[in-house]
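So the structure is just underneath, and the comments pick up after that.
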Amino acid sequence: MKSSFKLLSILILYLSFSPAINAQELPFYDFDQVDYYSIDISEKDISNIEYQRKKNSYEYKKISKKNALFLSILRNNYPETIEENFPEKLINYGFKKNDIDKKRYPEINTIFSEKPCNDDLGSFCIPTFRDVFIFRKKDKIVGIAKICYSCHLATIIGTEKSIRNFGSCGDFVKLEKIMGK
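As structure tokens, then:
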């Protein structure tokens, strides 16, 4: 009984101090370059890839490996780890590389940081990640963030920091404004 009480006390202390740790707004990445990729594709075009019917049939064709990977980039958590050839894959699938003014890096760094606030309202839509940020340090990829502005969702890899509150504090709106969306 005493050991259960001690364990519970330690857990309560840990949880009470963890917001103070997260409140430091530590950046997700140490970077010197940000590459921004975006694609203009409609939900209808995505659905046409997802649900290709066989000619004169109600059956669906099996999706090709190429289209399956494209859909994983747009809809899922691909890539799950940093891949140095990921930018080339984006270009091959029709993403356009856009330059970001280095003057914007401090704002981007603030957005891609741990946050003390949590105004997460949840999301009830299927994300389409049309915007991808690739963070580099000395030309090596250190992080990837895929963004869905309409669902206010992101997949973020390459950081050890807590991404739990990413998007809160108006981050998606700020990021949209910076990127001119």
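The sequence shown lines up with residues -23 to -1, 1 to 158 when you count with mature numbering (1 follows the signal peptide of the UniProt record, and there is no 0).
Ideal placement from N, C-alpha and C gives every residue a C-beta, glycine not left out.
Predicted, not measured: the structure shown is a model, and the values here were computed from it.
- Annotation: residue 141 is outside any alpha helix (DSSP H) and is labelled neither H nor E by DSSP.
- Excluding the 5 residues flanking it on each side, residue 134 has same chain C-beta neighbours closer than 6 Å at 121, in chain order.
- Beyond the five residues adjoining it in sequence on each side, residue 150 comes within less than 8 Å, by CB distance, of no other residue in the same chain.
- Annotation: the continuous alpha helix (DSSP H) that includes residue 22 extends over 20 to 27.
- Counting C-beta pairs closer than 8 Å gives fewer than three between the segment 136 to 146 and the segment 77 to 86, which falls short of the contact rule.
- Your pair residue 156 and residue 6 does not check out as a contact, with CB atoms roughly 17 Å apart and the cut at 8 Å.
- Across the set 129, 23, 109 and 148, the C-alpha of 148 shows the shortest separation from the C-alpha of residue 91.
- Considering only 50, 128 and 24, the residue with the shortest C-alpha distance to residue 69 is 50.
- Contact between residue 105 and residue 20 holds: their C-beta atoms lie close to 7 Å from each other, under 8 Å.
- Secondary-structure assignment with DSSP links residue 114 through a beta bridge to 117.
- The Cβ-Cβ distance between residue 75 and residue 15 falls below 8 Å.
- Looking at 2, 3 and 10, the one whose alpha-carbon comes closest to that of residue 116 is 10.
- Annotation: residue 65 to residue 78 spans about 22 Å, alpha carbon to alpha carbon.
- Annotation: the continuous beta strand (DSSP E) that includes residue 13 extends over 10 to 15.
- By the Cβ neighbour-count rule, residue 136 is buried, with 16 or more other Cβ atoms within 10 Å of its own.
- When secondary structure is reduced to three states using DSSP, residue 87 falls in the helix class.
- Excluding the 5 residues flanking it on each side, residue 54 has same chain C-beta neighbours closer than 7 Å at 132, in chain order.
- If the five residues before and after residue 153 are omitted, its C-beta is found closer than 7 Å to the C-beta atoms of 126, all from its own chain and listed in chain order.
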